[in-house]
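Worksheet: one structure, shown below.
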Amino acid sequence: MKTIAVRNPATLESLEMQDRPDPGDPGPGEIRVRIHASSLNFHDYSVVSGVMPTEDGRIPMSDGAGEVEAVGQGVQEFAVGDSVVSTFFPPWLAGPPPLGDFSQTPGDGIDGYAREAVVRPVNYFTRAPKGYTHEEAATLTTAGLTAWRALVVDGPIKAGNTVLTLGTGGVSIFAVQLAKMMGAKVISTSSSDAKLERLKGLGADHVINYKTEPEWGKRVMELTGGHGADHIVEVGGPGTLPQSIQAVAIGGHIALIGVLTGVAGDIPTARLMAKQARLQGLIVGSRSQQQEFVRALEVGGLKPVIDRTFPLEGLAEAFRYEASGQHFGKICIGI
Ligand SMILES: NC(=O)c1ccc[n+]([C@@H]2O[C@H](COP(=O)([O-])OP(=O)(O)OC[C@H]3O[C@@H](n4cnc5c(N)ncnc54)[C@H](OP(=O)(O)O)[C@@H]3O)[C@@H](O)[C@H]2O)c1
Numbered sequence: 175m176k177t178i179a180v181r182n183p184a185t186l187e188s189l190e191m192q193d194r195p196d197p198g199d200p201g202p203g204e205i206r207v208r209i210h211a212s213s214l215n216f217h218d219y220s221v222v223s224g225v226m227p228t229e230d231g232r233i234p235m236s237d238g239a240g241e242v243e244a245v246g247q248g249v250q251e252f253a254v255g256d257s258v259v260s261t262f263f264p265p266w267l268a269g270p271p272p273l274g275d276f277s278q279t280p281g282d283g284i285d286g287y288a289r290e291a292v293v294r295p296v297n298y299f300t301r302a303p304k305g306y307t308h309e310e311a312a313t314l315t316t317a318g319l320t321a322w323r324a325l326v327v328d329g330p331i332k333a334g335n336t337v338l339t340l341g342t343g344g345v346s347i348f349a350v351q352l353a354k355m356m357g358a359k360v361i362s363t364s365s366s367d368a369k370l371e372r373l374k375g376l377g378a379d380h381v382i383n384y385k386t387e388p389e390w391g392k393r394v395m396e397l398t399g400g401h402g403a404d405h406i407v408e409v410g411g412p413g414t415l416p417q418s419i420q421a422v423a424i425g426g427h428i429a430l431i432g433v434l435t436g437v438a439g440d441i442p443t444a445r446l447m448a449k450q451a452r453l454q455g456l457i458v459g460s461r462s463q464q465q466e467f468v469r470a471l472e473v474g475g476l477k478p479v480i481d482r483t484f485p486l487e488g489l490a491e492a493f494r495y496e497a498s499g500q501h502f503g504k505i506c507i508g509i
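Here my numbering is used: the first residue of the sequence shown is 175, the next is one more, and so on.
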């Protein structure tokens, strides 16, 4: 079985193609999945580049989608031939989050999906949306479910709300699409005017270049007649949070998802308090949230935006492309 492994000290150059033993047949309660696709996330980049240390020989990539090749004794949920997609926190089935780290996350604390086949208990997968390619399904595990949870589960978003998204990475583009699907008005930022045009094509009602307009929080207030954004999908962290606090509506909600600008910084806490806004950290979501998300995608007809697909052998090149920031939406791996 073809795999890619992280070799320590981890760098993109030390990613190693390996031939490993076939995982064999599924035992009771397990399924065997032929993995056909994965997709890149900032978190995967941190693992393969050594920023988040992992075990030597770890198979990277949290996202995996493919086809069920065999089911073990007692498995009722899946049948041979089903299209499935991996879960980010396999032990978190439903309810409040039981953990706050990546110790159980494929591609970090345990082996991930840069490989051709895997045998795992059923809770490691859910059904993929009908009509999705494996590449499209592979975008749901991390980026898709995070945007869904931020807006729909934790929001919760209502038709007519205003949603603010930052940048044009995987999570943010999903957030634009989901917000439009749920009947919201969308304001989106990017550093690139060409990407701002593409955001309008996806349905963004207003766009702001955050490089040429660094006081974009004020601009959001103007665009909403002084109301502000009801929900903000915050992927920047300390470098963007002050502007997000400026932009949020009184009583609004900021989903703190990302740390693209760093892990600590000065935050205008008094202004956040005065806004009476809710600032909520979150990491992806539960298996049952993923199942609800899959059903919503089938009804809503949303298809993920895939920028480029690389072969498994091109994983390092795919991460270099992600690091260059040229992408719009998701970067996938075909396996
Ligand atoms: N908490 C969770 O569950 C969770 C899940 C997924 C991701 N994340 C986090 O969310 C963040 C984004 O992840 P991703 O996978 O979507 O990344 P990605 O696809 O690599 O997105 C990167 C994009 O972010 C934008 N960006 C960079 N700096 C920015 C800034 N200062 N202000 C606004 N936008 C900025 C850029 O967009 P433009 O080129 O348009 O400027 C860039 O293309 C990361 O920090 C990641 O770790 C967290």
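Ideal placement from N, C-alpha and C gives every residue a C-beta, glycine not left out.
Task: Y384 beta carbon near ligand 1 (any heavy atom closer than 7 angstroms) - done: yes
TODO: On a CA-only basis, which of K449, V437, N383 is nearest G426? Give me that one, please.
DONE: K449
TODO: Express the C-alpha separation of Y495 and L373 in angstroms, rounding to a whole number.
DONE: 20 angstroms
- [ ] Tell me, please, whether the segment 324-340 touches the segment 354-363 by the rule of three or more beta-carbon pairs shorter than 8 angstroms.
- [x] yes
Task: Inter-stretch contact (C-beta, 8 angstroms, three-pair minimum) for the segment 198-213 and the segment 246-264 - done: yes
TODO: Return the chain-ordered list of same chain residues with a C-beta closer than 6 angstroms to the C-beta of T190, the five sequence neighbours on each side being excluded.
DONE: The sequence shown places Glu at residue 190, not Thr. If we look at E190 and ignore the five residues flanking it on each side, its Cβ neighbours are A179, R181.
TODO: At 3 residues or longer, and completely inside the segment 440-475: list those beta strand (DSSP E) runs for me, N to C.
DONE: 452-455
Open item on the list: Determine whether the beta carbon atoms of I457 and H405 lie at a separation below 8 angstroms.
Closed with: no
Task: Residue burial classification, D237 (beta-carbon count within 10 angstroms, cutoff 16) - done: buried
TODO: Sort out for me which residues DSSP pairs H217 with in a bridge.
DONE: None; H217 has no bridge partner.
- [ ] Jot down the residue ranges of each uninterrupted beta strand (DSSP E) in the segment 374-445, minimum 3 residues, whole runs only, in chain order.
- [x] 380-383, 403-408, 422-430
Open item on the list: For ligand 1, is there any heavy atom lying closer than 7 angstroms to the beta carbon of I431?
Closed with: yes
TODO: Put E229 into one of helix, strand or coil per three-state DSSP.
DONE: coil
Open item on the list: Is E243 near ligand 1 - that is, is its Cβ less than 7 angstroms away from at least one heavy atom of it?
Closed with: no
TODO: Output the boundary residues of the alpha helix (DSSP H) element that contains Q351.
DONE: 344-355
Task: Candidates F262, Q278, V207, of which the one nearest A244 by Cα - done: V207
TODO: Look at the alpha carbon of H501 and the alpha carbon of R323, and state the distance between them as a whole number of angstroms.
DONE: 23 angstroms
Task: For I509 and S346, the rounded distance between their alpha carbons - done: 25 angstroms
Task: K369 Cβ short of 7 angstroms to ligand 1 heavy atom set - done: yes
Open item on the list: With DSSP as the reference, identify every bridge partner of T483, one or two as the case may be.
Closed with: C506
- [ ] Assuming V468 and P280 form a contact by the criterion Cβ under 8 angstroms, report the distance between their Cβ atoms to the nearest whole angstrom.
- [x] The pair is not a contact, with the Cβ atoms about 18 angstroms apart (cut-off 8 angstroms).
Task: For T279, three-class secondary structure by DSSP - done: coil
- [ ] Could you tell me which of D379, L486, G411 sits nearest to G455, measuring between CA atoms?
- [x] G411
- [ ] May I ask you to report which of helix, strand or coil DSSP gives K477?
- [x] coil
TODO: Rounded to whole angstroms, what's the CA-CA distance from D196 to Y287? Just pull it up for me.
DONE: 14 angstroms
Task: Top-ranked residue by Cα proximity to V296, from E310, S257, A317 - done: S257
Task: Three-state secondary structure (DSSP) of P299 - done: A small fix is needed here, since residue 299 is Phe in this sequence, not Pro. Strand, per DSSP.
Task: Spatial distance of E466 from V381 (CA atoms) - done: 30 angstroms
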